[in-house]
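Residue numbers (our numbering), protein chains in the order written: chain H, 7 to 635; chain V, 15 to 277. For glycine and all other residues, C-beta sits at the position ideal for the given N, C-alpha and C. Below: one structure, written as structure tokens.
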């Protein structure tokens, strides 16, 4: 019995940090409507700075002072980030905001390694809370008890702040209707900045307070951000009480889940989240979100199928690409194969994102599942390559069918967070279930059959599949299904009113995209000869997003160009610098801020400008037709 | 002898929010080809009533029947499949698609081709899409992006979309809201003409009394959730209770005074 009580208390102690970070995210979202992906990064910087300060300053005052100063320092960094970056993208689509803050996260990951080194740092114990309390023969660290008390105290302070101060009233008002608050003459800029500072302060404090419990390391940002997303999805974005309850719930599920499913405890959290989402899609304490605001002028030009000339040009490009083995060496061909595979991956996400309006932040899960599917079939069942390539993607298809069913119940940022959480769950299973997946060591020796073993042959295979997949998805954009999918994206209200079951359409699109990604993953397994958990990791998901964005979200097939440019750049970059994440993150931020239409989008816009300026009567000036009588 | 059921039969429809009775025991019916206006002051329960007919809201009690078939509690998309087209107070269209594609989406849905992955949508029922657009006077706009249409044209596009499933009933929520006076007359004249030609029943809510009295065959009046009057435009116009609701207590006093005088 005592053991369970202690387990319970450990859970409560973990909840404190989680609550601090989640409430910060929630407050920021409530007012600015930005889901701050970089929140985990601020948490991590908080921990690093606190580590340095508490090492430098001595005594109890040094320790506690160090923690508080660290949180303030990070809040200051947050203010700078808000003023320099976020102010430029408040009116950008949600996806762009998520990506920009993700780019920031990538940069921070390399920066902390640059400053503090790659090793885990173990901080000192908290003065006054070094011992443990005996509880019927079980030890409870007294610092845990401190954290257990701290959680509700912070909740109370936040409550007072929001109920009893003028600033709090403004924040609550802005959470309900920020345009109205602005119309009432409140300086919105500073309100947003201050809210962001408070949110970041809470994140950094959460990180700093973890020092006595956990080592500080450079991957703690992603771990916490996934948990925080789960917490806010369960608790409801924008609700602080929700964040508290959900943080306790998730921490307890983790604490007791370890006893029930020692290896895959995260499954339990996932199940609870799934149930909450089915019963209350907006979270336990959240409010149903009004339909996401449409970004005006995002897409004005309707899509059209390729003209016969353009079709010939595409075919010519394909023929030229197919001639690569005539003059390129093996290394170039391997890179070419990899690029072709990423074209498959990118167009699959593009289909979901551009055509369906569903920005998945965990698309790599289905890519990786396809890869693992092939590895299982090839290594365990010993099936030949052709069979594996045909059946392997089915694992991606099944994963997409299960996760997609839940994910399409949501939209916008909730959809993005949920897909990210799902991907992280799949990753954890691949990582932790060592007996089946080999864990971190992966599955090795997935080699192609002799007919595809030569680099040139494999290149042709990858290129052929990529061309087929791209053409098929493009055809689908202009199929009745594609129209229906675009209809659900453009107006859920109108599509329901013309008999369209939007969720089923979107689910189908999710499964199509997941299966296609699985095809890419299956080829990837053979290209590399191995499968690792990284094949379904977050960074791969983000690679896909960047490829789509780089090509242009508003285009039909921009992802192809995006994938080619990005992958080539990426391979080159990794060979040139150790700070690839820093460069990549900076690159992402740059695209979002100065280049939001992507390469193909830019080209189309330029072409259109030229077209529009030539004929005298632009359509906008056309006379309104006579009324019908 | 069995009498054919009316196109739309509403019986004892009620809906409360907390202690507020938004709609109380509303009953009415609508024949094919008839144009029925649902009017009432702000807060009378028009929208609640309307939403219960089109499936966006579920009544606490009461029934809605379409040609004798129960539609109470069905989803909007299921009600659409039974032959009910609708337009919205604030137009809802597919902004990134062309005018023709907007109509084609409805035709695709009507033809049960929503999950057709490899057909050609640009050629889907192109002729029918063109006919519908001609019908509402939008034939010349087929290839225009829907996002750059003027508001009055959007309303007409909505009408074409609503007609795509050859509906028996059209539900129009404030069809002329936000339009210029001339556009209002044109749109309602067009609607009335189509309704009579195709024998479609039309139920619309409206604030503009000129539109209501000119185009409705029959009018029902809601006030504080209950139906207070029903009849031809002339009857409703001269109904003292309706006058009271719309014009205030002074006239009500006048009416009562006259009533008292006559007895």
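Per-residue burial, residue 31 of chain V [other beta carbons within 10 Å of its own, 16 or more giving buried]: exposed
Below-9 Å beta-carbon distance, residue 258 of chain V vs any chain H residue: no
Residue-level contact to chain H via CB, residue 71 of chain V, 9 Å cutoff: no
Under 8 Å by beta carbon: chain H residues contacting residue 25 of chain V: Here the premise fails: no neighbours, minimum Cβ distance about 24 Å.
Ordered list of beta strand (DSSP E) runs contained in the segment 230 to 266 of chain V, each at least 3 residues: 232 to 237, 240 to 245
Sheet register partners of residue 79 of chain V (DSSP bridge): V:23, V:84
C-beta neighbour in chain H for residue 217 of chain V, strict 9 Å: Among the CB atoms of chain H, none fall inside 9 Å of the CB of residue 217 of chain V.
Residue 254 of chain H, enclosing alpha helix (DSSP H) - first and last residue: 246 to 266
Burial state of residue 525 of chain H (16 or more Cβ within 10 Å): Burial of residue 525 of chain H is indicated by the presence of at least 16 other C-beta atoms within 10 angstroms of its C-beta.
Same chain, Cβ closer than 6 Å to residue 131 of chain H, neighbours up to 5 away in sequence not counted: 218
Residue environment, residue 583 of chain H, which counts as buried when at least 16 other CB atoms sit within 10 Å: Exposed: under 16 other Cβ atoms inside 10 Å.
Selection from H:87, H:574, H:98, H:460 that minimises the alpha carbon distance to residue 344 of chain H: H:574
Residue 649 of chain H and residue 362 of chain H closer than 9 Å at C-beta: Nothing can be reported for residue 649 of chain H, as the shown portion of chain H is limited to 7 through 635.
For residue 200 of chain V, the nearest candidate out of V:75, V:177, V:167, V:213 (CA to CA): V:167
Enclosing beta strand (DSSP E) for residue 186 of chain V [first to last residue]: Judged by DSSP secondary structure, residue 186 of chain V falls within the beta strand (DSSP E) whose first and last residues are 183 to 187.
Candidates H:447, H:473, H:374, H:168, of which the one nearest residue 37 of chain H by Cα: H:168
Assigned secondary structure, residue 125 of chain V (DSSP; H/G/I helix, E/B strand, else coil): coil
Per-residue burial, residue 149 of chain H [other beta carbons within 10 Å of its own, 16 or more giving buried]: Counting C-beta atoms within 10 angstroms of its own C-beta, residue 149 of chain H has 16 or more neighbours from the protein chains shown and is therefore classed as buried.
Residues near residue 42 of chain V in its chain [Cβ-Cβ closer than 6 Å; skip 5 each side]: Answer for residue 42 of chain V: 24, 234, listed in chain order.
Beta strand (DSSP E) runs wholly inside the segment 78 to 164 of chain H, at least 3 long, in chain order: 138 to 141, 144 to 147
Closer than 9 Å to chain H by CB, residue 37 of chain V: Not one chain H Cβ lies under 9 Å of residue 37 of chain V.
Cβ of residue 122 of chain V within 9 Å of any chain H Cβ: yes
Sheet register partners of residue 218 of chain V (DSSP bridge): Paired residues: V:51, V:186.
Residue 562 of chain H - containing beta strand (DSSP E), residue span: Per DSSP, residue 562 of chain H belongs to no beta strand (DSSP E) and is neither H nor E.
Minimum C-alpha distance to residue 411 of chain H - residue among H:514, H:540, H:153: H:514
Assigned exposure category for residue 146 of chain H - 16 Cβ within 10 Å defines buried: That one is buried.
C-alpha gap between residue 350 of chain H and residue 324 of chain H, whole angstroms: 14 Å
Close beta carbons around residue 142 of chain H, own chain, < 7 Å, minus the five adjacent residues each side: 8
Proximal residues of chain V, C-beta to C-beta of residue 496 of chain H below 7 Å: 108, 109, 110, 111
Contact with chain V by residue 615 of chain H, beta-carbon distance below 9 Å: no
Proximity winner among V:26, V:139, V:230, V:141, relative to residue 76 of chain V (alpha-carbon distances): V:26
Inter-stretch contact (C-beta, 8 Å, three-pair minimum) for the segment 601 to 608 of chain H and the segment 547 to 563 of chain H: yes
Near-chain V residues of the segment 508 to 534 of chain H - C-beta to any C-beta below 7 Å: 511, 514
Span of the alpha helix (DSSP H) around residue 463 of chain H: 461 to 483
Closer than 9 Å to chain V by CB, residue 417 of chain H: no
Distance CB(residue 429 of chain H)-CB(residue 544 of chain H) smaller than 9 Å: yes
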